[in-house]
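> Numbering (this note's numbering), first residue to last: -9 to 153.
Ideal Cβ placement from N, Cα and C applies to all residues, glycine included.
Structure in structure tokens, see below.
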């Protein structure tokens, strides 16, 4: 279940995108589709949300989004270059105007000194513009990391939209 505040944020983001005629795709790993779920919980979201890719495995990232296997091998699935490639792959495949991506370590296991639990990279690709990637280390348990990722993705999308 998504927090009420997240659904409200999704509704505000969708309204702004619809007012600007901007369409969206998502490419998610650590959130398992929560970004798309929050957006599609809003009636009328189909006018804006074109596609959602849940690419939990490295193979899925390569097959579905075109992330280069050499990049995955060099940087690992949880990295800025992979978040960028995921967003750009979703943008290209979906035909959307904007694409959000996320890849990270939600925990409780899987972390290391170099890549701790809570490390998340969020990407935002915009047709005709530069792709932005943010690095976050969110505190809390698995649910908290995933919820914070959704919130940060919405914030990044809002900043990527024209005023």
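1) Taking just the CA atoms, how far does residue 39 sit from residue 32?
2) Is residue 39 helix, strand or coil by DSSP?
3) Hey, would you say residue 30 sits closer than 8 Å to residue 139, going by beta carbons?
4) Suppose contacts are defined by Cβ-Cβ distances below 8 Å. Is residue 76 in contact with residue 57 by that definition?
5) Would you kindly work out how many angstroms separate the C-alpha atoms of residue -3 and residue 47, rounded to a whole number?
6) Fully enclosed by the stretch 63 to 93, which alpha helix (DSSP H) runs are 4 residues long or longer?
7) Residue 2: buried (16+ other C-beta within 10 angstroms of its C-beta) or exposed?
8) Sorted by chain position, which residues of the same chain lie with C-beta nearer than 7 Å to residue 150's C-beta, five sequence neighbours on each side aside?
9) Whole angstroms are fine: how far does the CA of residue 102 sit from the CA of residue 15?
10) With distances taken between CB atoms, is the gap from residue 50 to residue 62 smaller than 8 Å?
11) Quick one: residues in its chain with C-beta nearer than 6 Å to the C-beta of residue 0, no 5 flanking neighbours on either side, listed in chain order?
12) Rounded to whole angstroms, what is the Cα-Cα separation between residue 69 and residue 124?
13) Please list, in chain order, all residues of the same chain as residue 73 whose beta carbon is under 8 Å from its beta carbon, the five residues on each side excluded.
14) Near residue 67, which residues of its chain fall below 8 Å by C-beta distance, leaving aside the five closest residues on each side in sequence?
15) To the nearest angstrom, how far is the alpha carbon of residue 44 from that of residue 130?
16) If you drop the 5 nearest sequence neighbours on each side, which residues of the same chain put their C-beta closer than 8 Å to that of residue 152?
17) For residue 135 and residue 97, which I take to be in contact (beta-carbon distance under 8 Å), what is that distance rounded to the nearest angstrom?
According to the data block:
1) As a first step, residue 32 is located in the chain shown; it is residue number 42 there, counting from the start. As a first step, residue 39 is located in the chain shown; it is residue number 49 there, counting from the start. Going by the C-alpha atoms only, they are around 10 Å apart.
2) By one-based count along the chain shown, residue 39 stands at place 49. Three-state DSSP puts residue 39 in a strand.
3) By 1-based counting over the chain shown, the position of residue 30 is 40. By 1-based counting over the chain shown, the position of residue 139 is 149. Not closer than 8 Å, so no.
4) For this step, residue 76 is matched to residue 86 along the chain shown. For this step, residue 57 is matched to residue 67 along the chain shown. Cβ atoms of residue 76 and residue 57: closer than 8 Å.
5) The count along the chain shown starts at 1 and reaches residue -3 at position 7. The count along the chain shown starts at 1 and reaches residue 47 at position 57. Their backbone Cα atoms lie some 27 Å apart in a straight line.
6) 70 to 84
7) Residue numbering aside, residue 2 sits at position 12 when the chain shown is read from its first letter. Exposed, by the Cβ-count rule.
8) Walking along the chain shown from the start, residue 150 turns up at place 160. Correct list, in chain order: 88, 114, 116 and 122.
9) Reading the chain shown from its first residue, position 25 is the one you call residue 15. Reading the chain shown from its first residue, position 112 is the one you call residue 102. Their Cα atoms are separated by approximately 31 Å.
10) Numbered from its first residue, the chain shown carries residue 50 at position 60. Numbered from its first residue, the chain shown carries residue 62 at position 72. Going by C-beta atoms, residue 50 is not nearer than 8 Å to residue 62.
11) Start at 1 with the first residue of the chain shown, and residue 0 comes out as number 10. Taken in chain order, the residues that qualify are 28, 29 and 32.
12) Walking along the chain shown from the start, residue 69 turns up at place 79. Walking along the chain shown from the start, residue 124 turns up at place 134. Taking the straight line joining both Cα atoms gives about 10 Å.
13) Counting from 1 along the chain shown, the entry for residue 73 is found at position 83. Here the set comprises 91, 92, 93, 111, 112, 113 and 123.
14) The count along the chain shown starts at 1 and reaches residue 67 at position 77. Once the five neighbours on either side are set aside, the close Cβ partners of residue 67 are 19, 48, 51 and 93.
15) Indexing the chain shown from 1 puts residue 44 at position 54. Indexing the chain shown from 1 puts residue 130 at position 140. In a straight line, the C-alpha of residue 44 is about 23 Å away from that of residue 130.
16) For the purposes of this step, residue 152 is taken as the residue at position 162 of the chain shown. Once the five neighbours on either side are set aside, the close Cβ partners of residue 152 are 10.
17) In the chain shown, counting from the first residue as 1, residue 135 sits at position 145. In the chain shown, counting from the first residue as 1, residue 97 sits at position 107. So it is a contact: roughly 6 Å between Cβ atoms.
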